[in-house]
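This report concerns only the one structure given below.
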Amino acid sequence: MSRKNQTLGEFIIENQTSFKYTSGELSRLINSIRLAAKVVSHEVNKAGLVDIIGAAGDTNIQGEDQQKLDVYANDKFIQTLKNRNIVCGIASEEEDDFITINSQDENNQNKYVVLIDPLDGSSNIDVNVSVGTIFSIYRRVTPVGTPVTIEDFLQTGNQQVAAGYVVYGTSTMLVYTTGAGVNGFTLNPAIGTFYLSHPDMQFPEDGNIYSVNEGNYIHFPQGVKDYIKYCQMEEDNRPYTSRYIGSLVSDFHRNMIKGGIYMYPKSSKTSNGKLRLLYECNPMAFIAEQANGKASDGETRILDIKPTELHERVPFFCGSKKMVNTLEEFVQKGK
């Protein structure tokens, strides 16, 4: 059987031994995420036919309006992970606090915590633009068998054991890493199976796409403004192409395939940027580094930042190595 015909389930089993913890628990956990992703994908594809688009009438912990599908996706991922009894704790961008999972078995031996952004880019749902799910997996640091604490979630990104995203677009794709490269699987909706479609995904070393909300240009730090001007100059292989979807998963996915840089800097409106370190930046940074890319807050490697709170925000620059290196040079000069 060629690798391209491999199902996600077969791939997980085949590669389980390359993972340093071979209990099978992580494999079951990724299978649970696969199951929830299929359910959410089915629901996303019905948007417009049933009453799941539009605002839910609530706001999340960040004070942002929740969409109906945000709430649905959040419930579906949490419910699936709880039912499978394979994690000891969950933190979601949509929840104020982390969730402790008490196992039916009093000797709860579950070792993993999951952090999740159930529906990234959900403001795009109403206009039929790609959205996604982002997940991050850590081994707990507190003793097994005890309730999880905040310490289990506030780990640096370099401690992640797995991370991935699902993009719900023209096709549904699940992309993930366990620290041994990045692989992408496309859902065949007719039979509900993910097949390996993008083995060994890599960022090109350099690229010609920059992705940033230029409407906020006036609020950006000087170094970022200078870099954007550099991207627009007619010189060498520039000007670069500007592409911004406004859905991190979609922008990241395109740039990994084609070569580019994604930017969400701090600004005079958002002093720490907008993206969440734990739910968005860390998992995407882990994937980027495993795919020959780079992720930085403009000065520091994202995966080395020590989180201090669940919903912490940081500036985020991620993509092809050479582009991120050049951006960092401009940020340094602009100080």
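When you line the sequence shown up against my numbering, it's residues 1062 to 1396, in that order. Even glycine gets a Cβ: it sits at the ideal position worked out from N, Cα and C.
Let's see if you can read the secondary structure: which residues bound the beta strand (DSSP E) around H1259?
1254 to 1259
Please specify which runs of the beta strand (DSSP E), each continuous and at least 3 residues long, are wholly inside the segment 1281 to 1341, giving them in chain order.
1321 to 1325
With respect to 7 Å, is the separation between the Cβ of T1387 and the closest non-hydrogen atom of the ligand NAP below this value?
No copy of the ligand NAP occurs in the structure displayed, which carries no ligand at all.
With DSSP collapsed to three states, give me the class of A1402.
Summary: the structure shown does not reach residue 1402, with the chain confined to residues 1062 through 1396, and so no result is reported for it.
For the beta strand (DSSP E) that N1244 lies in, which residues bound it at each end?
1244 to 1249
For Q1351, which residues in the same chain have their Cβ closer than 8 Å to its Cβ, ignoring the five residues on either side in sequence?
T1238, G1240, A1241, G1242, V1243
If we count the other Cβ atoms within 10 Å of its Cβ and call it buried at 16 or more, is F1377 buried or exposed?
buried
Test item: CB-CB of T1141 and S1093 under 8 Å:
yes
Same chain, Cβ closer than 8 Å to S1153, five either side skipped, listed in chain order:
N1135, F1138, I1139, I1160, L1176, I1177, D1178, P1179, Y1340
From G1150 to E1086, what does the alpha carbon distance come to, in whole angstroms?
14 Å
State the Cα-Cα distance for the pair G1182 and E1296, rounded to the nearest angstrom.
34 Å
Going by alpha carbons, who is nearest to Q1220 out of P1208, S1197, E1275, T1078?
S1197
Paired residues, beta bridge with T1161 - DSSP:
G1150
Identify the continuous alpha helix (DSSP H) that holds N1133 and give its terminal residues.
This sequence places Tyr at residue 1133; Asn is not what is there. Here the alpha helix (DSSP H) through Y1133 covers 1129 to 1144.
Based on the DSSP secondary-structure assignment, which residues constitute the bridge partners of K1355?
G1380
Using a Cβ distance threshold of 8 Å, determine whether the segment 1215 to 1230 contacts the segment 1282 to 1300, with at least three qualifying pairs required.
no
Among P1326, S1311, N1343, which residue has its Cα nearest to the Cα of E1389?
P1326
Kindly indicate which three-state DSSP category F1264 falls into: helix, strand or coil?
coil
Can you tell me whether DSSP reads G1193 as helix, strand or coil?
strand
Distance check for R1337 and V1310, CA to CA, integer angstroms please.
13 Å
Quick one, are the C-beta atoms of T1068 and T1254 less than 8 Å apart?
yes
Just list the residues that DSSP pairs T1238 with in beta bridges.
A1224
Backbone CA spacing between Y1229 and V1105 [nearest angstrom]
7 Å
So is D1261 buried or exposed if we call it buried at 16+ other beta carbons inside 10 Å?
exposed
Buried versus exposed, by CB contacts within 10 Å (16 or more), Y1323:
buried
Count the other CB atoms within 10 Å of the CB of A1251; is the residue buried (16 or more) or exposed (fewer)?
exposed
Within the continuous alpha helix (DSSP H) that includes D1213, where are the two ends?
1211 to 1214
Taking the straight line between their C-alpha atoms, what separation do you get for E1125 and A1346?
Confidence at E1125 is low in this model, with a pLDDT of 49, below 50, so the placement of that residue is unreliable and no value is reported for it.
If you count every other CB in all the chains shown that lies within 10 Å of the CB of N1316, and 16 or more means buried, which is it?
buried
How would you label E1155, buried or exposed, when you count the other beta carbons within 10 angstroms and need 16 or more for buried?
buried
V1202 - containing alpha helix (DSSP H), residue span:
First-last for V1202: undefined, no H or E at that position.
When DSSP labels each residue in this structure, what does V1175 get in the three-state scheme?
strand
Decide if V1285 is buried, meaning its Cβ has at least 16 other Cβ atoms within 10 Å, or exposed.
buried
With a threshold of 16 other CB atoms inside 10 Å of the CB of T1233, please say whether the residue is buried or exposed.
buried
Residues near R1304 by beta carbon distance below 6 Å, same chain, minus five either side:
I1270, S1272
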